[in-house]
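Read the structure below first, then the notes.
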Amino acid sequence: MSEKIPPEVKQEIERLVRDLNYHCYRYYVLDSPVISDEEYDRLFLRLKEFEEKYNYILPDSPTQRVGAPPLDKFEKVRHTEPMLSLDNAFSHEEVREFDGRVKRFLGADDEIEYTVEPKYDGLAIELTYRDGLLLRASTRGDGYAGEDVTRNIRTIKSVPLKIQGVKEVPGEIDIRGEIYMDIEEFEALNREREEKGESPFANPRNAAAGSVRQLDPSITASRRLHLTCYGPGAVKGVEFRSQWEFIRWLEKARFPVPAIVRLAKGVDEVVEVIREIEEKRRHFPFETDGAVVKVNDFELQRTLGVKTREPRWAIAYKFPAHQGTTRVREIIPSVGRTGVITPVALLEPVRIGGVTVSRSTLHNWDEIEKKDIRVGDTVVVERAGDVIPHVVMVIKGKGKTLCHP
Ligand code: IVH
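Sequential numbering of the sequence shown, starting at 174, is according to the working numbering.
This is the structure:
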């Protein structure tokens, strides 16, 4: 039996939960902690002892992030509003055409205001908060219904368990975002998997998806996953007027938001921001495959509406791809113009940046040995400019198969 709780202990527990959640936010969302890890651990232990002694556990207690037992299967969750996909643009010209369509549809002469954000390459997620508390987290699924992955998502430290810091807390709100894994973490995870003889993940997106879709939340907890939030789903009780306003609200409410969100008036400014993101993406610790351009004003978004599965008010600009993953069919010697024999890999055709690649130079036999490239291997090929594509790395694994969740 737990002991009756004195009011000062109750207050102390409430204070510890509040402080620990704040420090968690400083560390995992702002990347700017104000106390040491040891101090955090000390407070955490103190909270855990009180909770156990008095059996008084708040729903947003940081102790509740871990420890949920494994499930047999995921429950299905219907999204109140469908989670749509985005149309793609592969050139600045296509972004201009998108702007043209928006203006024509709205009968607008003036420049349209847009937001531009990086496109995160991860797993789309919907977080549902009721009266400020995290109620459920679900995957996108087919856009209409996904899987209930709440216990797994709770283990991700940058996911707020409670909406705080804002005056307006909606009665119920669906917040959409992306769960992703940093490139460094992905590489470390793959190294570890290879050492254990497990198949590696093909890319950080698959690693993030595979980590979330685990029946045992302790596996998700062991992977360093991140969240970024970029849009609302169904909202009750608060009115947001624009994407910009929503992003500012998310920030105040302690949600992680995309590394760059810019307001751009007219398509020229949009293209400028796209260039900025493309320039800065190499310094991002995560993978981005493009930029998302959205009409800022929610009223205009509603007027523009949705086609079948994509909204008319947004587009994803895709950066030209330089790398692709494929399999080695054959390794053959090839005689060059100067008579030098170089080994060449014949590949299963793969489209990289609008070009189909079906062969790749292997430079020399030493290189093959060094990289341990064999027929049947899955390889990452890179095409830079017009030079002959080359093999960057082999994705090794048991039976040479990739792990696609
Ligand atoms: S907005 C109407 N913003 O891209 C759809 N999506 O192809 C609203 N994504 O399923 C999506 N970063 O998982 C939006 N900054 C961003 C994004 C983003 C990544 C993903 C999202 C979505 C997919 C659309």
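We treat Cβ as the ideally placed atom computed from N, Cα and C, and that holds for glycine.
query: Separation of Q184 from L193, as counted between CA atoms; result: 14 Å
query: Enclosing beta strand (DSSP E) for H563 [first to last residue]; result: H563 to I568
query: Identified DSSP bridge partners for I352; result: L296 and L400
query: Three-pair Cβ contact test at 8 Å for the stretch 280-299 versus the stretch 361-371; result: no
query: V554 - DSSP class collapsed to helix/strand/coil; result: strand
query: Secondary structure of E345, DSSP reduced to three states; result: strand
query: Bridge partner(s) assigned by DSSP for K249; result: E320
query: For E176 and E452, the rounded distance between their alpha carbons; result: 59 Å
query: Any non-hydrogen atom of the ligand IVH closer than 6 Å to V289 Cβ; result: no
query: contact_flag[the stretch 392-405, the stretch 264-279] where n(CB pairs < 8 Å) is 3 or more; result: no
query: heavy atom of the ligand IVH below 6 Å from S480 C-beta; result: Per the sequence shown, residue 480 should be read as Lys rather than Ser. K480: no, Cβ never under 6 Å from the ligand IVH.
query: Short CB-CB distance (under 7 Å) between I352 and chain B; result: Structure shown: chain B not included; a single protein chain is present.
query: Buried or exposed (CB count within 10 angstroms, at least 16 for buried), R188; result: exposed
query: Given 8 Å, three or more beta-carbon pairs between the stretch 435-445 and the stretch 495-513; result: no
query: Collapsed DSSP secondary structure at P291 in the structure displayed; result: strand
query: For S415, the three-state DSSP class (helix, strand or coil); result: strand
query: Selected residue, minimal CA-CA separation from E418, among K369, A394, A380 and V468; result: V468
query: Expected contact under 8 Å - CB spacing of I541 and P516 to nearest Å; result: 6 Å
query: Proximity to P506 [Cα-Cα], best of E483, H536 and Y490; result: H536
query: For V552 and K569, the rounded distance between their alpha carbons; result: 8 Å
query: Assigned secondary structure, G406 (DSSP; H/G/I helix, E/B strand, else coil); result: strand
query: Neighbourhood of F459 by C-beta distance below 6 Å, restricted to the same chain and skipping five residues each side; result: Y353 and D355
query: Given 8 Å, three or more beta-carbon pairs between the stretch 230-241 and the stretch 385-402; result: yes
query: Simplified DSSP state of V523, which is helix, strand or coil; result: strand
query: Distance cut-off 6 Å: K491 Cβ against heavy atoms of the ligand IVH; result: no
query: Residues near H577 by beta carbon distance below 7 Å, same chain, minus five either side; result: Reliability fails at H577, whose pLDDT of 39 lies under 50, so the model's placement of it is uncertain and the value that follows must be treated cautiously. Counting only Cβ-Cβ distances below 7 Å, and skipping sequence neighbours, we find A375 and N379.
query: Distance CB(S533)-CB(V508) smaller than 7 Å; result: no
query: Proximity test, P377 beta-carbon vs the ligand IVH heavy atom, cut-off 6 Å; result: no
query: Proximity to E351 [Cα-Cα], best of V479, R556, Y198 and M256; result: M256
query: Near the ligand IVH: S258 beta-carbon under 6 Å from a heavy atom; result: yes
query: Backbone CA spacing between T481 and I230 [nearest angstrom]; result: 45 Å
query: beta-carbon Y403 near the ligand IVH non-hydrogen atom, thresh 6 Å; result: yes
query: Strand pairing of T534, partner residues [DSSP]; result: V517 and H563
query: Neighbourhood of V339 by C-beta, 7 Å cutoff - its chain only, sequence neighbours within 5 removed; result: W422, K425 and A426
query: Residues sharing a beta bridge with E451, DSSP; result: Partner(s): none; E451 has no beta bridge.
query: The ligand IVH heavy atom lying under 6 Å from the CB of P431; result: yes
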